[in-house]
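K.L.:
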Amino acid sequence: MKTSDFFFELPQDLIAQYPAEKRGESRLMILDQKSKICAHEKIFNLPDILSGENFQSTSGEKPLLVFNDTKVRKARIEGISQTGKYAEFLLIDKKDENNKVWKALVKKARNKKNGQYFTILDKNKNEVNKAVVLGHEGEYLLMEFEKTINDERLDKYGHIPLPLYIKRKDVPADEKRYQTIYAKETGSAAAPTAGLHFTDEIFNRLKERGMEIVFITLHVGLGTFLPVRSEHIEDHVMHEETFFIDGQTAEKIEKAKSTGRRIVAVGTTSARSLESAWSNGKIATGRNKTSIFIYPGFKFNVIDALFTNFHTPESSLLMLVCAFAGKDFIMESYAQAIRERYRFFSYGDAMLIHS
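So, in C-alpha cells, the structure goes:
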C-alpha cells in the first residue's frame, strides 16, 4: 500500500492556529462505520451521544472511556551558537541517569558539528545553561548540558512545544490550552490532542450518565506526528514510545471486554497503548514500550470506538484511523470536513468513530 494513498489537499486556513475560545466548544463529526453515515455535532454534547444506544452493550451498560494522562514537557529551549547564530532545540528523550545528556530535534541538525557549543537562554534571553553536541542519532542531535535538565528548570525557561504547522510563537495561554486538564505524568514532546477538548463539566456529565473513566499513560514522541517517508507504508519503521497501565485499570478493561461493554479510546495514543498491551484476553500491566504501527489490515482487539482529532496527510495517525474505520470512508469524511470547513490538527475539531 502506497503512502501517497493517504495524501489529501488541505487549505492552509483550515489548520487551527489557536484553540477554540473555550474548551468543549469545538465541532464534532460522528462516523458510523456500519451505515457509513456522517453526522455533525458539538463536543459539548458528547456525554449525551455516548450514553445513547449506539454505545451501550447488549445489556444496556454505558461505555468505558480510556484517557491518556501524560503531561507535555516544556521541552523547547532556545540557544545561541559560538558564532552567534540562534537555534531552537526540542528535547525528546533523556539518555543518562543524571539528566544531562538529551536527544534533541533541531533544524539543520546535520550541520551541527560534534563539539559545537551553545549557550542556552531563558525567556528574557539571559544565559541559564550551556550545551555541547556529542553526536548524531539519525535526524536528532545528542547534546550534553552543563547543568542538569529537569522539569523544574524547563518550567522556568522552556517553551511549550507547539507543532510546526502552528505558525506562531507560543503564548502564555498555550501553557494551559496545549495541556489536558487531567495531565499528570510529565514526559511528552507533544499533547495527546484528542483530550484537549475535555472540561471538568464534560467529565462530570459523563460520570452522571453512567460512563466509567480510566487513565493510562503514554508519553507522546514527535514521531507520532511526522509523515511516513517510505514509498510503501509496509516499509515504515515506527518510533518507540513508553506506556504504563496499572493493575486496577487493566482489570476494568478486561472486565469490560468480557461483559461486552464498549470501550472508547480517547485519542490514538490510548488506542495504540491498549492494542499493544492486549494478549490472550489480558492487558499487560506496568511500564512497557511499543513501536506498534497500525495501518489498514490491522485487527483491533480492544477498542470499539475512537475519539480523535483530524490528522495530517500521510501520517501514521491517519493510517491508524483508516485501519479502524476503513480508508475510503475516512478519506471521504475528511473531504466532507474540508467542505464543511472543520478546523484541523492539534487545536482543531474532532471526530467520533463507532460501529
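When the letters of the sequence shown are read in order and numbered with the numbering used here, they come out as residues 243 to 597.
Cβ coordinates follow ideal geometry from the N, Cα and C atoms, glycine included.
Given the structure is predicted, the values throughout are model-derived calculations rather than measurements.
(1) Just checking, does the segment 454-469 make contact with the segment 485-499 on the three C-beta pairs under 8 Å criterion?
(2) Between the alpha carbons of Phe445 and Gly509, how many angstroms are there, rounded?
(3) For a test of the three-state rule: what should DSSP assign to Glu343, helix, strand or coil?
(4) Excluding the 5 residues flanking Phe486 on each side, which residues of the same chain have their C-beta closer than 6 Å to its C-beta?
(5) Might you give, ordered along the chain, the residues of its own chain that have their beta carbon closer than 6 Å to the beta carbon of Glu454, omitting 5 neighbours on each side?
(6) Which partner residues of Phe309 appear in the DSSP bridge assignment?
(7) Quick check on the DSSP output: what are the complete beta strand (DSSP E) runs of length 3 or more inside the segment 497-575, in order along the chain?
(8) If you count every other CB in all the chains shown that lies within 10 Å of the CB of Gln599, and 16 or more means buried, which is it?
(9) Taking Gly437 as the reference, which of Ser299, Val308, Glu476, Gln254 has the closest Cα?
(10) For the alpha helix (DSSP H) containing Tyr399, list its first residue and its last residue.
(11) How about Ile402 and Val314: do their beta carbons lie closer than 8 Å?
(12) In chain order, what residues of the same chain have a beta carbon less than 6 Å from the beta carbon of Gln358, not counting five sequence neighbours either side?
(13) Just confirm the distance between the C-beta atoms of Phe571 and Leu252, as a whole number of angstroms; I'd bet it's less than 8 Å.
(14) Taking a contact to mean a Cβ-Cβ separation below 8 Å, would you say Leu464 touches Ala432 in this structure?
(15) Could you check whether the Cβ of Gly400 sits closer than 8 Å to any Cβ belonging to chain C?
(16) Just confirm the distance between the C-beta atoms of Ser575 and Met243, as a whole number of angstroms; I'd bet it's less than 8 Å.
(17) Taking only three categories from DSSP, how would you classify Glu303?
(18) Is the segment 289-306 touching the segment 380-394, taking contact as three or more C-beta pairs under 8 Å?
(19) When you compare each of Phe249, Glu388, Val479 to Lys342 by their alpha carbons, which one comes out closest?
(20) Which full runs of the beta strand (DSSP E) of 3+ residues lie inside the segment 317-380, going along the chain?
(21) According to DSSP, is Ser246 part of a helix, a strand, or is it coil?
(22) In three-state DSSP terms, what is Arg269?
P.N.:
From the atom records:
(1) yes
(2) As a working mapping, residue 445 is identified with position 203 in the sequence shown. As a working mapping, residue 509 is identified with position 267 in the sequence shown. Rounded to the nearest angstrom, the two C-alpha atoms are 16 Å apart.
(3) Residue mapping note: residue 343 aligns to position 101 of the sequence shown, counting from 1. Per the sequence shown, residue 343 should be read as Val rather than Glu. Reduced to three states, the DSSP call for Val343 is strand.
(4) The residue you call residue 486 lines up with position 244 of the sequence shown. Excluding sequence neighbours, Phe486 sits near Thr459, Arg529.
(5) Within the sequence shown, numbered from 1, the residue matching residue 454 stands at position 212. Leu306, listed in sequence order.
(6) Counting from 1 along the sequence shown, the entry for residue 309 is found at position 67. Looking at the DSSP assignment, Phe309 forms a beta bridge with Phe457.
(7) 505-508, 528-532, 547-551
(8) Past the boundaries of the shown model lies residue 599; the chain is included only from 243 to 597, so the question cannot be answered.
(9) Taking the sequence shown and counting its residues from 1, the one referred to as residue 437 is at position 195. The shortest Cα separation from Gly437 among Ser299, Val308, Glu476, Gln254 belongs to Val308.
(10) As a working mapping, residue 399 is identified with position 157 in the sequence shown. Start and end: 393-399.
(11) Locating residue 402 in the sequence shown gives position 160, where the first residue counts as 1. Locating residue 314 in the sequence shown gives position 72, where the first residue counts as 1. Yes; because the gap between Cβ atoms is below 8 Å, this pair is in contact.
(12) Taking the first residue of the sequence shown as position 1, residue 358 is located at position 116. Once the five neighbours on either side are set aside, the close Cβ partners of Gln358 are Val375.
(13) As a position in the sequence shown, residue 571 is number 329, starting the count at 1. As a position in the sequence shown, residue 252 is number 10, starting the count at 1. Taking the Cβ atoms as the reference, Phe571 lies roughly 18 Å from Leu252, outside the contact range of under 8 Å.
(14) By one-based count along the sequence shown, residue 464 stands at place 222. By one-based count along the sequence shown, residue 432 stands at place 190. Between Leu464 and Ala432, the gap from beta carbon to beta carbon is short of 8 Å.
(15) Within the model displayed, chain C is absent; a lone protein chain is all it includes.
(16) For the purposes of this step, residue 575 is identified with residue 333 of the sequence shown, where counting begins at 1. For the purposes of this step, residue 243 is identified with residue 1 of the sequence shown, where counting begins at 1. Wrong, their Cβ atoms sit about 19 Å apart, outside the cutoff.
(17) Position 61 of the sequence shown, counted from the first residue, corresponds to residue 303. It is coil, neither helix nor strand.
(18) Contact check between the segment 289-306 and the segment 380-394: fewer than three CB pairs, one atom from each, fall below 8 Å, which does not count as touching.
(19) Taking the first residue of the sequence shown as 1, we reach residue 342 at position 100. Here the closest residue by C-alpha is Glu388.
(20) 318-323, 328-336, 343-347, 359-363, 369-379
(21) The residue labelled residue 246 in the question sits at position 4 within the sequence shown. Helix.
(22) Indexing the sequence shown from 1 puts residue 269 at position 27. Strand.
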